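Residue numbers (this note's numbering): 13 to 158. One structure is given here, and the rest of the page talks about it.
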């Protein structure tokens, strides 16, 4: 059992406060940027910017595509997700709704690990997928839905 489980209500309340959630997001953006720049020899092969500093935090006349990892409200891409996963040393399961409309694509990063975070990717946007917790019916009291 995770220590956070005991504080679930407190965490939910805090993460829904804009100031706190924005602070957490900004920290994760800076962590991602630092990891990208500290591992530039690997990641430079996957970005179209002249270098990782430009990709992470600067506009450049010769690089018109806006991709600023550190800036709030900017989209992230697969390279950013990979860097964050490596920096945090966690496994992520991404379910993609792009491509074949009949079938979902499943990706686990890094391969071969048990993911602890599950994301749904749909048209340049990621949403967290919460796994359903199967509870004993005896534990449910006066609840209409979960």
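Ideal Cβ positions, reconstructed from N, Cα and C, are used throughout, including at glycine. Fair warning: this is a prediction, and the values are worked out from it, not measured in the lab.
Checklist entry - Exposed or buried, which one is residue 18 when buried takes at least 16 other CB atoms within 10 Å? => result Counting from one through the chain shown, the residue named residue 18 turns up at place 6. When all chains shown are included, residue 18 counts as exposed.
Checklist entry - Could you give the residue range of the alpha helix (DSSP H) that holds residue 100? => result By one-based count along the chain shown, residue 100 stands at place 88. From DSSP, the alpha helix (DSSP H) with residue 100 extends over 90 to 100.
Next on the checklist: Tell me which residues share the same chain as residue 41 and place their Cβ nearer than 8 Å to its Cβ, disregarding the 5 neighbours each side in the sequence.
Outcome noted: Residue numbering aside, residue 41 sits at position 29 when the chain shown is read from its first letter. Scanning its chain for C-beta atoms nearer than 8 Å, with the 5 sequence neighbours on each side dropped, one finds around residue 41 the residues 81, 82, 83, 84, in chain order.
Next on the checklist: As a quick exercise: from 125, 35, 113, 123, pick the residue whose alpha carbon is nearest that of residue 134.
Outcome noted: Walking along the chain shown from the start, residue 134 turns up at place 122. Selected option, being the one with the closest Cα: 113.
Checklist entry - So residue 95 packs on residue 48, CB below 8 Å; how close in whole Å? => result Here the question's residue 95 lines up with position 83 in the chain shown. Here the question's residue 48 lines up with position 36 in the chain shown. Yes, they are in contact, since the Cβ atoms of residue 95 and residue 48 sit about 5 Å apart, within 8 Å.
Item to check | Secondary structure of residue 37, DSSP reduced to three states | outcome: Reading the chain shown from its first residue, position 25 is the one you call residue 37. Look at residue 37 here: in three-state DSSP terms it is helix.
Next on the checklist: At the level of alpha carbons, what is the spacing between residue 153 and residue 31?
Outcome noted: The residue labelled residue 153 in the question sits at position 141 within the chain shown. The residue labelled residue 31 in the question sits at position 19 within the chain shown. Note that residue 153 scores 46 on pLDDT, short of 50, meaning its location in the model is unreliable; the coordinates nonetheless yield the value given after this. Taking the Cα positions, residue 153 is about 34 Å away from residue 31.
Item to check | Inter-residue spacing [alpha-carbon to alpha-carbon] between residue 142 and residue 38 | outcome: Translated into the one-based positions of the chain shown, residue 142 becomes position 130. Translated into the one-based positions of the chain shown, residue 38 becomes position 26. The straight-line gap from Cα to Cα measures roughly 22 Å.
Item to check | With 16 other Cβ atoms within 10 Å as the buried cut-off, status of residue 36 | outcome: On the chain shown, position 24 is the one that residue 36 refers to. Per the 10 Å Cβ criterion, exposed.
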